[in-house]
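Just below is one structure, and these are the notes that go with it.
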Amino acid sequence: MTRQDTITAATGPFNEDLNMIRDQLRRFIETEVTAKAEPWEEEGMVPRDVLRRMGDLGVLGMRYDAQYGGAGLDVMSSVVLAEEVGRSTFGGFSATVLVHTDMASPHLENAGTPEQKAHWMPSIVSGEKITAVAVTEPGAGSDVAGMRTRAVQDGSDWVLNGTKMFITNGVHGDLYFVGAKTDPDAKGSRGITMFAIEKGTPGFSVGRALNKTGWLCSDTAELIFEDVRIPAEDVLGEVNKGFYSVMKNFQNERIVLGAMACAEAQSALDMTVEYVKQRKAFGGVLWDKQVVRQRLADCQTRIAAGRQLVYHAAGLDAAGHDCVQEVSMVKAYCGELVNSVLYDCVQFHGGMGYMRETPVERMSRDARVQAIGGGASEVMLEEVAKRM
699 MTRQDTITAA TGPFNEDLNM IRDQLRRFIE TEVTAKAEPW EEEGMVPRDV
749 LRRMGDLGVL GMRYDAQYGG AGLDVMSSVV LAEEVGRSTF GGFSATVLVH
799 TDMASPHLEN AGTPEQKAHW MPSIVSGEKI TAVAVTEPGA GSDVAGMRTR
849 AVQDGSDWVL NGTKMFITNG VHGDLYFVGA KTDPDAKGSR GITMFAIEKG
899 TPGFSVGRAL NKTGWLCSDT AELIFEDVRI PAEDVLGEVN KGFYSVMKNF
949 QNERIVLGAM ACAEAQSALD MTVEYVKQRK AFGGVLWDKQ VVRQRLADCQ
999 TRIAAGRQLV YHAAGLDAAG HDCVQEVSMV KAYCGELVNS VLYDCVQFHG
1049 GMGYMRETPV ERMSRDARVQ AIGGGASEVM LEEVAKRM
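All letters in the sequence shown, in the order written, are residues 699 to 1086 by our numbering.
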């Protein structure tokens, strides 16, 4: 363990069980992900057998009830998961896992009926079914209220038409939680309903796999819905109340994204410190240069601050407090932090930092979306400002 890990284990908000889960996850990711994931970048996906083995470890449903194979833990287990997948150095792997565990499947946990949970949750926890959440559209990203996908009631069924964009796990997912406008006369955020739609449903197709700058082993898609007929029993939660479900889960999503970002930044910084302590230049090693040491020390300081902000927001969430402002701070600060740290890490690797063969080059590309996805920094800062 690094010094930061030792301090966190001793003084952080994690009990013995969570630290055991952390150790188990770390061993699995070091041997089964970090050491093997390079080809996944070319393949554009995380192998499903890797996700099923994570299900076997019990880490894909830690927040869910034991009757479905879960462990009934709180948000701190999600923070542990996010930190450890973030350490993998493969942002696409992290995104694949965390969208399934903490961004998509919570819609079922929070709004699903007992029958819906009994039908889908065991296969979600085991990794047999991988989930995606389809809210973002070509013209409505952070502005969920601008959604244009429509669902019209036809007897007891709903008929859905529209397009979703930038959907993580969209190509190879199995179960999709899809938002659609169900009351065309409702203003703003009102009149949105969530639906559960399985791959293979007539009229539902993947329009195209998207070619991204980073997160290359995360499959991302445009989804097309053409007269997709959805039975009433697959409505998720209350009709016309879906916006509130989306907003509720955004808090959890942004906490785990912040935790992932801090772990990515720490992993890159650790690599860079090791590199500059060995890289010789101008009659010594780079670490001997005060400007290098201080820039990297500043990175370490800001990462430590980011982690504590994540833990603070997660603690508030676990205790049931209103923490929209703090969670928005997490998303804005940590999304910018990982980009800033990776900029410095590439800089201090010199020419090697610009080569595809070095992890920090890949990580710098993966980091860029952290200030965009899950709530752009500017949108998050507006949420902070509203509550000042």
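We put the beta carbon where it would ideally sit given N, CA and C, even for glycine.
DSSP-derived helix/strand/coil call for I922
If DSSP states are grouped into helix, strand and coil, I922 belongs with the strands.
Chain-order list of residues whose beta-carbon lies under 6 Å from that of M1078 (same chain, five-residue window excluded)
Within the same chain, M1078 has close Cβ partners S1026, K1029, A1030.
By Cβ distance, which residues of its chain are closer than 8 Å to D1015, with the 5 residues on each side in sequence left out?
Its chain contains V773, Q949, N950, I953, C1021, V1025 as the residues whose beta carbon lies nearer than 8 Å to that of D1015, once the 5 sequence neighbours on both sides are disregarded; these appear in chain order.
Pull the bridge partners of M892 from the DSSP assignment, please.
Looking at the DSSP output, M892 bridges to G877, L934.
Between the C-alpha atoms of V944 and T891, what's the straight-line distance to the nearest angstrom?
Looking at the two C-alpha atoms, the distance is approximately 10 Å.
In the DSSP output, which residue or residues are listed as bridge partners for S903?
As DSSP reads the structure, S903 sits in a beta bridge with I922.
Comparing the C-beta of G935 with each C-beta of chain B, is any distance below 8 Å?
Included in the structure is just one protein chain, with no chain B present.
Flag this pair as yes or no: are the beta carbons of E1034 and V1044 separated by less than 8 Å?
For the pair E1034 and V1044, the CB atoms are not nearer than the 8 Å cut-off.
Please return the same chain residues whose Cβ sits closer than 6 Å to the Cβ of V869, not counting the five positions on each side in sequence.
Counting only Cβ-Cβ distances below 6 Å, and skipping sequence neighbours, we find V904, A907, D917, A919.
For G940 and E896, what's the separation of their Cα atoms in angstroms?
The straight-line gap from Cα to Cα measures roughly 18 Å.
Look at G889 and V833 and say whether their C-beta atoms are less than 8 Å apart.
No. Outside cutoff.
Taking the alpha helix (DSSP H) that L806 belongs to, which residues open and close that run?
Residues 804-809.
For N867, does the count of other Cβ atoms within 10 angstroms reach 16, so buried, or fall short, so exposed?
Buried, by the Cβ-count rule.
What residue from R720, R761, Q814 has the CA that sits closest to S786's CA?
Minimum Cα distance to S786 is reached at R720.
Residues bridged to A832 [DSSP beta-bridge criterion]
V876, per the DSSP bridge assignment.
Whole-angstrom Cβ separation of E826 and K862, contact assumed at under 8 Å?
Contact flag wrong, Cβ pair sits at about 23 Å.
Taking the beta carbon of P1057 as the centre, do at least 16 other beta carbons fall within 10 Å, making it buried, or is it exposed?
P1057 should be labelled buried.
Please report the straight-line C-alpha distance between L796 and G790, rounded to a whole angstrom.
Each residue's CA atom was taken as its position, placing L796 and G790 some 10 Å apart.
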